[in-house]
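Have a look at the structure below before the remarks.
There are 2 protein chains.
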Amino acid sequence: MSERSFLRWIRSRIGRRGGRIEIDSGDDAASVRVGGERVLFKTDSVIDGVHFDARTARPEEIGHKALARCLSDIAAMAGVPAFAVVAMMVPRRSGEAYLRRIYRGMERTARSFRTAVVGGDFASHPGKLAISVALLGETEGLQPVLRSGARPGDAVAVTGPLGGSILGKHLRFRPRVREARELHRRIGLHSMIDVSDGLAVDLGHLCEESGVGAVVYERRIPVSAAARRLARRDGRTPLEHALGDGEDYELLFTLPAGKAGALERSGLGRVIGEVVRGRGMRLQRTDGSRQALPPAGWEHVTNQPG
Amino acid sequence: MSERSFLRWIRSRIGRRGGRIEIDSGDDAASVRVGGERVLFKTDSVIDGVHFDARTARPEEIGHKALARCLSDIAAMAGVPAFAVVAMMVPRRSGEAYLRRIYRGMERTARSFRTAVVGGDFASHPGKLAISVALLGETEGLQPVLRSGARPGDAVAVTGPLGGSILGKHLRFRPRVREARELHRRIGLHSMIDVSDGLAVDLGHLCEESGVGAVVYERRIPVSAAARRLARRDGRTPLEHALGDGEDYELLFTLPAGKAGALERSGLGRVIGEVVRGRGMRLQRTDGSRQALPPAGWEHVTNQPG
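Protein chains in written order, with the working numbering: chain A, 1 to 306; chain B, 1001 to 1306.
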């Protein structure tokens, strides 16, 4: 089965906009009307062997990641997280001390983002550890930023360095909640997504949703120290890691080209390319040549091409 | 590890009432304030081998059950379900046709309860099928009914027959959303919980949260046909099944004794006992004798005492 095909099928069926559904499941989070209020709503899961390795990850990090992935999705809408509920599916022989450490990791992260965990379900089962989190967010006066708002001529930017998150950042990243609010308030973003699948894949999503193409400048891509370290080990280049690795949870966004200077001065992000008419993405190499940039990357844990 | 002890620990840490949290995770759902609106919020999971058996359950039933358990929790607060998000964790070799059937089962149930599925996350993994659902509900002018509102002198009642749900009802039950609203509007319920763990266990929860005891009359307990069928097979009595089996998802509630006649005339429920001062539950046998009713039951699928 193709995950992508099933997700596309789901999306074709659910969450059609209209009525009380303002933004559907194709974006980082849904936006719905409850009474007079706009509410952002998102769920996500982490599973042992897919999103972390329980043999090596600290339990606090697992709890952090389970919640932080949802926080990052709310950030990608420029929303404010508010309330979370957590469903833990735990192996039958898990010790209570271990589960408490997971929970405390989640709790600490919740607190630092002023989010209250208001409900928890818990089931022991014969399988591996899995945690699903659902998060409610608010917009507090800012219009949600969608994946679909990129316009030709926009600058493309990211909030931080990319690549090599498998070396540790994927368990410890800080969701860019505050940064997203500040950027949107100061600059008025056109579109946004968080980098969970990798720069090339997520820029592909953004372009597809917006019906545009993009050019990314090699020399502008912020390559992380981890991407360089990983490249020394595995023979791929640091650039490949910055383009292809997932789970950096930096924000990838577009803004009016005229605001690029303001962005750079703010210290909150860095321009890496531009939105163009048409479809497809290209990489402009340092020597000025251009090549196709396929929306592909590598998955974590297993490190399979994805 | 004891599930109960971990849940108690979680509850001691999360969701303290106060501020924007009106009702915490110790009830069927949390109630929080978003802007000026009261929102009910709940998550729950179903796991292959624990809550259903993928070898025998129809995929549509699995989808139904995943959502309907959450719907039942919102019903138990007399709330109105509105929006759901769904996280599916599926075995790597699942066929897309199979997953679509699960999804369609969920969708059909959502539609019949005017609930919109607005977001879906999907991850394939090496383990078994698990589905987490999170549900947002509204109160639409009715005060949420808590587990903690039972008062000495209240009548104890249920919405329908109990026991033997393992023979099929646990996959096909109808959450009592409409019934709960109507009951609360007509009668003004004092407390409510849905029967997921079994009558004795869930009445125990309700008594504990309310700081009261209860007497249940054997001759009033609505024993289901399934409980009788199961009893013929396994040598337990139909009454044991009605008291101990879980997953009927009927509502168990208390009301002012003076409204018991109105309840019976409404056809929406049946009085089975009364709330008393003090602690502990007793069963009044048909011969008038009374015996202790321990808050215990039997778990499904595995049929282990739980």
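Glycine is no exception: its CB is placed at the ideal position from the N, C-alpha and C atoms.
Practice task
Give the straight-line distance between the Cα atoms of Leu1251 (chain B) and Val195 (chain A), rounded to the nearest whole angstrom.
Solution key: Reading the second sequence from its first residue, position 251 is the one you call residue 1251 (chain B). Reading the first sequence from its first residue, position 195 is the one you call residue 195 (chain A). Those two C-alpha atoms are separated by around 44 Å.
Handout entry: alpha helix (DSSP H) runs contained entirely in the stretch 142 to 173 of chain A, provided each spans 4 or more residues
Key = Taking 4 residues as the minimum length, the alpha helix (DSSP H) runs contained wholly in the stretch 142 to 173 of chain A are 169 to 172, in order along the chain.
Exercise for the section: Please name the residue in A:Val34, A:Met89, A:Arg285 whose C-alpha comes closest to that of His1051 (chain B). Expected result: Counting from 1 along the second sequence, the entry for residue 1051 (chain B) is found at position 51. Of A:Val34, A:Met89, A:Arg285, the residue nearest in Cα terms is A:Met89.
Problem - is_contact[Gly306 (chain A), chain B] using C-beta, thresh 9 Å - result: The residue given as residue 306 (chain A) occupies position 306 in the first sequence. Any reading at Gly306 (chain A) must be qualified, since the residue scores a pLDDT of 33, below 50, and its modelled position is unreliable; no value is offered.
Problem - C-beta neighbour in chain A for Phe1006 (chain B), strict 9 Å - result: Here the question's residue 1006 (chain B) lines up with position 6 in the second sequence. Chain A, which has a Cβ nearer than 9 Å to the Cβ of Phe1006 (chain B), makes this yes.
Problem - Identified DSSP bridge partners for Ser124 (chain A) - result: Within the first sequence, the letter at position 124 stands for residue 124 (chain A). Looking at the DSSP output, Ser124 (chain A) shares a beta bridge with A:Val90.
Exercise for the section: Decide if Arg1008 (chain B) is buried, meaning its Cβ has at least 16 other Cβ atoms within 10 Å, or exposed. Expected result: Within the second sequence, the letter at position 8 stands for residue 1008 (chain B). Classification for Arg1008 (chain B): exposed.
Handout entry: Whole runs of the alpha helix (DSSP H) within the stretch 174 to 243 of chain A, excluding any shorter than 4 residues
Key = 177 to 187, 199 to 210, 225 to 234
Handout entry: chain B within 9 Å of Pro126 (chain A), Cβ atoms only
Key = By 1-based counting over the first sequence, the position of residue 126 (chain A) is 126. Answer yes: the Cβ-Cβ gap between Pro126 (chain A) and chain B drops below 9 Å somewhere.
Exercise for the section: Kindly say whether Asp287 (chain A), judged by its beta-carbon, lies nearer than 9 Å to any beta-carbon of chain B. Expected result: The sequence position of residue 287 (chain A) within the first sequence is 287, counting from 1. Answer no: the Cβ-Cβ gap between Asp287 (chain A) and chain B never drops below 9 Å.
Practice task
Could you list which residues in chain B have their beta carbon closer than 8 Å to that of Ala30 (chain A), in chain order?
Solution key: For the purposes of this step, residue 30 (chain A) is taken as residue 30 along the first sequence, with counting starting at 1. Per Cβ cutoff of 8 Å: Phe1083, Val1085, Val1118, Gly1119.
Problem - Beta carbon proximity, Leu136 (chain A) to chain B, threshold 9 Å - result: For the purposes of this step, residue 136 (chain A) is taken as the residue at position 136 of the first sequence. For Leu136 (chain A), the answer is yes, since a Cβ of chain B falls inside 9 Å of its Cβ.
Exercise for the section: Pair every Cβ in the stretch 77 to 89 of chain A with every Cβ in the stretch 113 to 130 of chain A, then say whether three or more of these pairs are closer than 8 Å. Expected result: yes
Exercise for the section: Verify whether the separation of the beta carbon atoms of Ala150 (chain A) and Thr109 (chain A) is less than 9 Å. Expected result: By 1-based counting over the first sequence, the position of residue 150 (chain A) is 150. By 1-based counting over the first sequence, the position of residue 109 (chain A) is 109. Going by C-beta atoms, Ala150 (chain A) is not nearer than 9 Å to Thr109 (chain A).
Problem - Spatially closest choice to Asp1121 (chain B) from A:Lys42, A:Pro59, A:Ala82, by CA coordinates - result: Stepping through the second sequence from its first residue, residue 1121 (chain B) is reached at position 121. For the residues A:Lys42, A:Pro59, A:Ala82, the minimum Cα distance to Asp1121 (chain B) belongs to A:Lys42.
Exercise for the section: Have a look at Tyr249 (chain A) and Val201 (chain A) and give me their C-alpha separation to the nearest angstrom. Expected result: What you label residue 249 (chain A) is simply residue 249 of the first sequence in a count that begins at 1. What you label residue 201 (chain A) is simply residue 201 of the first sequence in a count that begins at 1. Whole-angstrom Cα-Cα distance: 13 Å.
Handout entry: Identified DSSP bridge partners for Lys1042 (chain B)
Key = The residue given as residue 1042 (chain B) occupies position 42 in the second sequence. B:Leu1135.
Exercise for the section: Rounded to whole angstroms, what's the CA-CA distance from Val1301 (chain B) to Glu1061 (chain B)? Just pull it up for me. Expected result: Reading the second sequence from its first residue, position 301 is the one you call residue 1301 (chain B). Reading the second sequence from its first residue, position 61 is the one you call residue 1061 (chain B). Summary for Val1301 (chain B): the model assigns pLDDT 42, below 50, so the residue's position carries little reliability; its value from the coordinates is reported in the next sentence. Roughly 15 Å between the two C-alpha positions.
Handout entry: Residues, ordered as in the chain, of the stretch 198 to 216 of chain A that lie near chain B by beta-carbon distance below 7 Å
Key = Considering only beta carbons, no part of the stretch 198 to 216 of chain A lies closer than 7 Å to chain B.
Problem - Beta carbon proximity, Ser72 (chain A) to chain B, threshold 9 Å - result: Numbered from its first residue, the first sequence carries residue 72 (chain A) at position 72. For Ser72 (chain A), the closest Cβ of chain B is not nearer than 9 Å.
Problem - Own chain residues within Cβ distance below 8 Å of Ser1031 (chain B), not counting five before or after - result: In the second sequence, the residue the question calls residue 1031 (chain B) occupies position 31. Excluding residues within five positions, the ones whose Cβ falls inside 8 Å are Ile1021, Glu1022, Ile1023, Arg1038, Val1039, Leu1040, Phe1041, Met1077, Thr1139, Pro1144.
Handout entry: Under 9 Å between C-beta atoms of Glu996 (chain B) and Val1118 (chain B)
Key = Lying outside 1001 to 1306, the shown extent of chain B, residue 996 (chain B) is not represented and no answer is given.
Handout entry: Outcome for Asp1287 (chain B) when other beta-carbon atoms lying within 10 angstroms are tallied against a minimum of 16
Key = Along the second sequence, read from residue 1 onward, the residue named residue 1287 (chain B) stands at position 287. Exposed: under 16 other Cβ atoms inside 10 Å.
Handout entry: Pair within 9 Å by beta-carbon distance, Gly319 (chain A) and Ala225 (chain A)
Key = Absent from the structure is residue 319 (chain A), since the part of chain A shown begins at 1 and ends at 306.
Practice task
For Phe113 (chain A), return the contacting residues in chain B, with the cut-off set at a CB-CB distance below 7 Å.
Solution key: Walking along the first sequence from the start, residue 113 (chain A) turns up at place 113. Within 7 Å Cβ-Cβ: nothing; Phe113 (chain A) doesn't reach chain B, min ~15 Å.
Exercise for the section: Look up Gly1258 (chain B) in the DSSP assignment and say whether it is helix, strand or coil. Expected result: Counted from its first residue, the second sequence places residue 1258 (chain B) at position 258. Of the three classes helix, strand and coil, the one that applies to Gly1258 (chain B) here is helix, per DSSP.
Practice task
Please list the partners that Lys65 (chain A) has in chain B, where partner means a Cβ-to-Cβ separation under 8 Å.
Solution key: Position 65 of the first sequence holds residue 65 (chain A). Simply none; closest approach about 13 Å.
Problem - CB contact flag (Val1246 (chain B), Gly1198 (chain B), <9 Å) - result: On the second sequence, residue 1246 (chain B) is found 246 positions in, with the first residue counted as 1. On the second sequence, residue 1198 (chain B) is found 198 positions in, with the first residue counted as 1. Note that residue 1246 (chain B) corresponds to Gly in the displayed sequence, not to Val. Yes, these two residues count as a Cβ contact at 9 Å.
Handout entry: Which of helix, strand or coil DSSP assigns to Ala57 (chain A)
Key = Along the first sequence, one-based indexing puts residue 57 (chain A) at 57. Three-state DSSP puts Ala57 (chain A) in coil, outside helix and strand.
Problem - Ala30 (chain A): first and last residue of the uninterrupted beta strand (DSSP E) it sits in - result: As a working note, residue 30 (chain A) is residue 30 in the first sequence. Here the beta strand (DSSP E) through Ala30 (chain A) covers 30 to 34.
Problem - Top-ranked residue by Cα proximity to Gly1035 (chain B), from A:His205, A:Phe83, A:Ala262, A:Ser112 - result: Taking the first residue of the second sequence as 1, we reach residue 1035 (chain B) at position 35. Cα-wise, what sits closest to Gly1035 (chain B) is A:Phe83.
Problem - Three-state secondary structure assigned by DSSP to Pro305 (chain A) - result: Residue mapping note: residue 305 (chain A) aligns to position 305 of the first sequence, counting from 1. Low per-residue confidence applies at Pro305 (chain A): pLDDT is 35, beneath 50, and the placement is therefore not dependable enough to give any value.
Practice task
Examine chain A for any beta-carbon lying closer than 9 Å to the beta-carbon of Gly1037 (chain B), and answer yes or no.
Solution key: In the second sequence, the residue the question calls residue 1037 (chain B) occupies position 37. In the sequence as displayed, the identity of residue 1037 (chain B) is Glu instead of Gly. Interface residue, yes.
Exercise for the section: Taking Ala75 (chain A) as the query, report the chain B residues whose CB atoms sit under 7 Å from its CB, ordered along the chain. Expected result: By 1-based counting over the first sequence, the position of residue 75 (chain A) is 75. Near Ala75 (chain A) there are no residues of chain B at all, since even the closest Cβ is about 16 Å away, more than 7 Å.
Handout entry: Separation of Val271 (chain A) from Leu263 (chain A), as counted between CA atoms
Key = For the purposes of this step, residue 263 (chain A) is identified with residue 263 of the first sequence, where counting begins at 1. For the purposes of this step, residue 271 (chain A) is identified with residue 271 of the first sequence, where counting begins at 1. Roughly 8 Å between the two C-alpha positions.
Problem - Opposing strand residues paired with Leu293 (chain A) [DSSP bridges] - result: On the first sequence, position 293 is the one that residue 293 (chain A) refers to. Leu293 (chain A) pairs with nothing; no bridge assigned.
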